[in-house]
Structures are given as C-alpha cells and as structure tokens.
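Letter by letter, the sequence shown follows residues 16 to 422 in my numbering. Glycine is no exception: its CB is placed at the ideal position from the N, C-alpha and C atoms. Keep in mind it's a predicted model, so treat the numbers as computed, not measured.
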Amino acid sequence: MSEVLALVVLAASLLAAIARWRWAPDWAVAALGALLLLSVGVLSGSGARSALRALGPTVGFLAALLVLADGCRRAGMFDALGSVMALGSRGSSGRLLGMVFLVAAGTTAVLSLDATIVLLTPIVFATAARLRANPRPHVYACSHLANSASLLLPVSNLTNLLAFQASGLSFTRFGALMLLPWLVALAIEWLVLRVSFAGELRRTRGARIGDRPELPRFALAVVGLTLAGFVVSSPLGIAPVWVAAAGALVLAIRQRPRPLELLRAAEPMFLVFVLALGVVVHGASQHGLSSAVDSLVPRGSGLPALLAVAGVSAVVANLLNNLPATLIILPVLAGSGPGSVLAMLVGVNVGPNLTYVGSLATLLWRRIVHAHDQETDMGEFTRLGIRTVVPILLASTGALWLALQVV
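Set out below in structure tokens:
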C-alpha cells in the first residue's frame with residue numbers, strides 16, 4: 016500500500032504540472048502530497064529532511080539564475096537579441112532560423128533553458144512577425160534547443176545542476192566533456208529542422224528589418240563575469256550559488272527593481288514545487304521505484320553501457336518527466352563514475368523532445384505558444400521528436416564516450 020500511495024501522489028503531482036489547473040496548482044498538489052506521505056508514515060521525517068538538504072543548494076542556485084535572467088530582460092538584452100536576429104536574417108526566413116539557433120543555444124547554455132522558453136520565445140514570435148515569416152520553424156527551434164542545447168554547462172538545466180553535484184567534476188571539466196555531445200546535438204537539430212520546414216523557410220517576404228541594435232553592455236559584462244566566476248569558483252571550492260547570486264545582486268543594485276519584482280522573478284511557487292516533488296520522489300524511490308529503475312540501468316563505462324543508460328533515462332523522462340527521472344536515476348548511478356552520470360543527462364535532456372510531458376520546459380512552451388494564438392500539433396511535435404531524439408541519443412552518447420577517452 017505504501018508503494019501504491021507513493022506512486023499515486025507522484026502521478027498526481029505530475030498531472031497537476033501538466034494540466035496546470037487554477038483550482039489545484041502544481042506546487043500545492045506536490046506539497047500536500049508530500050505532507051500526506053509524511054502523515055501516514057510512507058516517508059519518515061529524516062527522509063524528507065534528507066531530500067530537502069540534497070535539493071536545497073540546487074534550488075537556491077536556480078532561484079539566483081532566474082533573477083539574473085530577469086535582470087537581463089529588464090536591461091533590454093532580449094529585445095536587443097530580437098533586433099540582432101532580425102538584422103542577421105537580412106529578410107530571409109532561412110537565415111532567421113540560423114540566428115535563432117545561435118541565440119537560443121547561447122541563451123540556454125549560459126542563462127538556462129527557462130530563459131529560452133520564458134524570455135526568448137516571445138521575442139522570436141515578435142521577430143518573425145516583423146519579418147512576416149511563418150513563426151513555426153523558429154518557435155519549434157526554441158522548444159528543441161531549450162532541451163538539447165542544455166547539455167553544455169552545469170547551469171544550463173536544473174537536471175545538470177543535480178548531476179553536477181553527483182558527478183564530482185569541476186565546472187570546466189564538465190563543460191569540456193559535454194562540448195562535443197552538445198555540438199553534435201545542435202548539428203542534428205539544425206539538419207532535421209532545416210529539412211522538415213524547407214517549404215516555410217524558402218518563403219521570403221519584404222519586411223522592415225530595423226536599425227542596428229544597441230546591446231546592453233553592462234548586463235552582458237555581468238553575465239560574462241558571472242560565467243567566468245563559475246569557472247574560477249569550482250576549483251576554489253566556492254559553491255556556484257554564491258556566484259550566481261552576486262551577478263543577480265549587481266544587476267538588481269543598478270536597476271533597483273521593487274522587492275516584489277525580484278521575488279516574482281525567482282518564481283517561488285515553482286521552487287516550492289521542485290522541493291515538494293523532490294520529497295515525493297524520495298518517498299516513491301524508497302518504496303520500489305528506485306529498485307525497478309536499478310534493475311534496468313546497466314553498469315560500466317563502455318559505449319554499450321553508456322548508450323543503455325542514455326536510452327533508459329530518455330524512456331523514464333518521457334514516462335515521469337525529466338526532473339523526477341533525474342532524482343530517481345542519480346542515486347542508482349552512485350559510484351558508477353562521471354561517464355554514466357553524463358550519459359544519463361543526454362537521456363533526460365534530449366529525450367523530452369519526443370513528447371509534451373517529457374520536461375516542464377516543454378509544457379511551459381506550449382502555454383506560451385497558445386498565448387500567441389498559435390496551435391501546437393501533437394503529430395508534428397512527435398514526428399520532429401522521432402527524427403531528432405533517437406539520432407541525437409546515439410550520436411551524442413558516442414561523442415561523450417569519445418570525449419571521455421580524450422579529455
């Protein structure tokens with residue numbers, strides 16, 4: 016009964032995140048579910064505290080990155096990037112897709128996939144409208160790159176932050192090992208999207224491109240110094256959350272937003288959901304879920320083992336969402352070495368491009384698309400996912416194995 020109840024609470028929490036009911040917000044469902052598991056003894060108090068301690072630094076880091084990204088928005092960085100994309104396209108929809116790839120990949124890698132979905136996707140809609148181009152190829156690129164392009168750095172995705180702590184790698188070595196898999200993933204995404212939307216990308220209409228944009232130099236400098244701080248702080252043993260918080264604080268001091276604006280930028284309800292979901296997943300893991308995954312995940316650092324880890328991780332991510340998948344699989348991989356942890360990341364980051372429920376970012380992307388009076392077609396989304404996910408899983412995992420031999 017404990018196992019059944021834990022799985023039911025986990026399913027209810029994920030369903031609330033997918034459906035986003037106003038009368039039952041996801042953070043409330045997850046928090047109440049965690050309290051229910053505690054009250055009936057499915058999860059002990061020490062177990063809940065252990066889950067919160069493990070997630071606390073990562074959630075703090077995520078909050079600081081969200082505030083930093085919002086500071087960049089207030090500084091006009093994303094509006095300027097929209098102008099850069101329009102200018103670089105020279106009125107061509109095909110060139111615009113290339114600019115979107117560059118900007119979305121960079122934004123995801125440095126400011127996290129949340130910035131790409133929440134802040135960049137609306138700018139891409141506006142830029143496509145300015146150029147009178149069909150927004151579909153460019154908006155799909157935002158969705159796919161928010162997941163695939165998050166392979167590069169520990170700060171690119173919440174799953175990366177969790178894996179970074181478990182891997183024992185430095186910030187620099189993490190990025191060095193994931194650089195080749197990241198480039199391979201981008202190349203496959205570009206090829207598939209370019210071919211899939213060839214008809215729309217050939218259509219070029221006359222449009223006003225706009226003047227040369229003025230980039231917010233101060234905000235760009237803060238982001239650059241923050242990224243350098245991540246690199247320097249890792250060997251010094253300084254937690255990256257302090258570096259991200261320092262960058263966010265510098266922008267906040269310069270811009271002087273109201274305290275309520277800073278609080279909203281940190282998305283506190285989303286952070287509560289992540290913490291509560293971590294407690295629920297911990298309870299489900301203790302009552303059979305972790306054992307079931309453990310029986311599926313192979314051990315070893317060879318290419319077949321890494322491919323199997325990436326494949327199993329992708330399947331679990333599409334069944335349970337990538338955040339619970341990471342929380343369940345990471346403990347199973349303890350002691351297997353950084354290669355297995357990074358192969359898991361390939362699965363949980365790239366795999367969600369196959370279905371709507373694979374990642375929270377994709378669910379949020381759908382809502383942003385609908386807010387712009389556009390529809391998302393499940394068939395088209397799935398076809399694009401089939402064309403990209405399997406080749407990227409194979410090729411990026413192979414690239415990871417090669418990087419592990421060389422780096």
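Residue environment, residue i, which counts as buried when at least 16 other CB atoms sit within 10 Å
i      : result
ILE343 : buried
PHE233 : exposed
GLY138 : The question names Gly, but residue 138 in the sequence shown is Ile. The residue in question, ILE138, is buried, as its Cβ has 16 or more Cβ neighbours within 10 Å.
LEU379 : buried
SER310 : exposed
LEU321 : buried
ILE268 : exposed
ILE253 : exposed
GLN180 : buried
ALA39  : exposed
TRP416 : buried
SER248 : buried
LEU216 : buried
GLN301 : buried
LEU6   : The requested residue 6 is not part of the displayed model; the chain covers only 16 to 422.
ALA200 : buried
VAL23  : exposed
TRP42  : buried
TRP197 : buried
GLY86  : buried
ALA21  : buried
Close Cβ partners of residue i (< 7 Å) along its chain, the five nearest in sequence each way excluded
i      : result
ALA66  : GLY293, VAL294 and HIS297
PRO406 : ILE203
LEU251 : none
ALA46  : VAL287 and ALA291
VAL104 : The question names Val, but residue 104 is Ser in the sequence shown. Cβ neighbours of SER104 beyond the five flanking positions: ARG110, LEU111, MET114 and LEU146.
GLY190 : LEU167 and LEU168
Candidates the options: closest to residue i by CA position
i      : options                           : result
PRO72  : ARG381, GLY394, GLY113 and LEU290 : LEU290
ASN172 : THR341, ARG64 and LEU198          : THR341
VAL308 : PRO169, VAL347, ASN175 and LEU275 : VAL347
LEU167 : ARG188, ARG147, HIS153 and ASN149 : ARG188
ALA280 : ILE268, ALA84, SER59 and ASN368   : ALA84
GLN389 : THR136, THR122 and GLY183         : THR136
LEU194 : GLY86, SER163, VAL24 and ALA213   : SER163
LEU375 : LEU128, LEU321 and PRO353         : LEU128
PHE242 : ALA349, VAL384 and VAL170         : Here residue 242 is Leu; the residue named in the question, Phe, does not match the sequence. Closest option to LEU242, Cα to Cα, is VAL170.
THR391 : VAL154, ALA26 and TRP42           : VAL154
GLY48  : PRO40, ALA34 and ALA27            : ALA27
THR122 : LEU235, ARG381 and TRP416         : LEU235
LEU126 : GLY62, ALA63, PHE245 and ARG105   : PHE245
ALA130 : GLU282, ASP41 and TYR371          : GLU282
ILE33  : ALA43, VAL372 and LEU184          : VAL372
GLU229 : LEU29, LEU240, ALA21 and GLY97    : GLY97
GLU395 : ALA386, PRO319, PRO152 and MET284 : PRO152
ASP94  : ARG227, ARG381, GLY106 and SER182 : ARG227
ARG35  : ARG381, TRP205 and SER107         : ARG381
6 Å CB neighbourhood of residue i in its chain, flanking five on each side removed
i      : result
ALA325 : ALA358, VAL361, GLY362, LEU408 and THR412
GLY352 : SER316
GLY3   : Since the first residue of the chain shown is 16 and the last is 422, residue 3 is not available in this structure.
LEU25  : VAL295 and ALA299
ALA161 : THR123, LEU128, THR131, ILE132 and ALA376
SER165 : THR123, LEU128, SER171, ASN172 and ASN364
ALA323 : PRO313
Contacts around residue i, its chain only, beta-carbon distance under 8 Å, and the 5 residues preceding and following it disregarded
i      : result
ARG88  : LEU134
LEU399 : TYR155, HIS159, VAL207, LEU208, SER211 and ASN368
LEU427 : Missing from the structure shown is residue 427; the chain here goes from 16 to 422 and no further.
ALA213 : none
ALA349 : ALA181
Any non-hydrogen atom of the ligand MN closer than 6 Å to residue i Cβ
i     : result
ARG68 : Only the bare structure without any ligand can be found here, which leaves the ligand MN out of the picture.
Beta-carbon separation (whole angstroms), residue i vs residue j, contact threshold 8 Å
i      : j      : result
LEU369 : VAL74  : Incorrect: roughly 27 Å between the Cβ atoms, too far for contact.
ASN337 : PRO367 : 5 Å
VAL265 : VAL237 : 5 Å
HIS159 : THR403 : 7 Å
LEU29  : LEU335 : 7 Å
VAL44  : ALA31  : 4 Å
Three CB pairs or more closer than 8 Å across the region 357 to 375 and the region 330 to 346
The region 357 to 375 is in contact with the region 330 to 346.
Does the pairing of the region 302 to 320 with the region 133 to 147 give three or more beta-carbon distances under 8 Å?
Contact between the region 302 to 320 and the region 133 to 147 is absent, because fewer than three Cβ pairs lie under 8 Å.
Inspect the CB distances between the region 257 to 277 and the region 107 to 117 and report whether three or more fall short of 8 Å.
Counting C-beta pairs closer than 8 Å gives fewer than three between the region 257 to 277 and the region 107 to 117, which falls short of the contact rule.
Cβ contact check for the region 77 to 84 and the region 256 to 271: 3 or more pairs under 8 Å
Result yes; three or more Cβ-Cβ pairs closer than 8 Å.
Count Cβ pairs between the region 104 to 112 and the region 146 to 158 that sit closer than 8 Å; are there 3 or more?
Touching, yes, given that three or more Cβ pairs across the two stretches are closer than 8 Å.
Mind the definition here: the region 49 to 68 touches the region 17 to 25 only if three or more C-beta pairs lie below 8 Å; say whether that holds.
The answer is yes - the region 17 to 25 touches the region 49 to 68, with three or more Cβ pairs under 8 Å.
Assess, as a yes-or-no matter, whether the region 169 to 184 is touched by the region 204 to 215 under the definition of 3 or more beta carbon pairs within less than 8 Å.
By the criterion of at least three beta-carbon pairs nearer than 8 Å, the region 204 to 215 is not in contact with the region 169 to 184.
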